[in-house]
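In what follows, a single structure is set out as structure tokens and then discussed.
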Amino acid sequence: MNRHGFTLIEAVLALVVASGLFLLATGTDRRLVRPLQHDPVAWYQAVRVLEQPGKYQFCSTTGTILKLWDQQRQTTVHVSLHRQILKLTNSRGQGYYPLLKHVVAVKWQATPYSGLVKMTIQQEGLPSQHVLLDLRGKDS
Numbered sequence: 001m002n003r004h005g006f007t008l009i010e011a012v013l014a015l016v017v018a019s020g021l022f023l024l025a026t027g028t029d030r031r032l033v034r035p036l037q038h039d040p041v042a043w044y045q046a047v048r049v050l051e052q053p054g055k056y057q058f059c060s061t062t063g064t065i066l067k068l069w070d071q072q073r074q075t076t077v078h079v080s081l082h083r084q085i086l087k088l089t090n091s092r093g094q095g096y097y098p099l100l101k102h103v104v105a106v107k108w109q110a111t112p113y114s115g116l117v118k119m120t121i122q123q124e125g126l127p128s129q130h131v132l133l134d135l136r137g138k139d140s
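Reading the sequence shown from the start, the letters are residues 1 to 140 in UniProt numbering.
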């Protein structure tokens, strides 16, 4: 018996091989190829930047945006979340100083104590973290 074409099994096998090569070449699922890496020191570095002695003083918060007074430059700055990056910008949203990556949610809450702010942060793949920030500026 002469065969002049592909059998159904050969066609399905060729389709599986072709789609596998396509997925491998494009790398569509990066999480399987390269899992999310977390730097345990990054959290402390972000807190350290915000708590620099004589640098930032707490002004107000709107829940997701923290407003600070930069005592060295005599201007207002904002700490906010944009595209999973916690960043420090000027009051008009210009400039860009990334503090922490892979942030899903952040919440700022003023405490009854002057200059102390509670920060609740959720990073991708990690449990929520809570910290009290000392943002009293030069008066601390």
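Heads up, the beta-carbon is just placed ideally off N, CA and C, and yes, glycines get one too.
| Item | Value |
| --- | --- |
| If you draw a straight line from the alpha carbon of V131 to that of I9, how long is it in whole angstroms? | 60 Å |
| Could you spell out where the beta strand (DSSP E) holding residue 195 opens and where it closes? | The structure shown does not extend to residue 195, since the chain is modelled only from 1 to 140, so the question has no answer here. |
| Would you tell me roughly how many angstroms separate the C-alpha atoms of H78 and L88, rounded to the nearest one? | 6 Å |
| Give the secondary structure of R136 by DSSP, where H, G and I count as helix, E and B as strand, and everything else as coil. | strand |
| From G54 to G137, what does the alpha carbon distance come to, in whole angstroms? | 5 Å |
| Should L24 go down as buried or exposed, given a rule of 16 or more other Cβ atoms within 10 Å for buried? | exposed |
| So for Q72, helix, strand or coil by DSSP? | coil |
| Buried or exposed for A11, please, with buried defined as at least 16 other CB atoms from any protein chain shown within 10 angstroms of its CB. | exposed |
| Verify whether the separation of the beta carbon atoms of W69 and Q123 is less than 9 Å. | no |
| Closest to P98 by CA distance: which of H38, R92, Q45, T7 is it? | Q45 |
| If you run the structure through DSSP and keep just helix, strand and coil, what is I9? | helix |
| Would you give the residue range spanned by the alpha helix (DSSP H) that L126 belongs to? | Premise fails: L126 is in no alpha helix (DSSP H) and is neither H nor E. |
| Could you give the DSSP three-state label for S19: helix, strand or coil? | helix |
| Assuming Q45 is part of the alpha helix (DSSP H), what are its boundary residues? | 40–50 |
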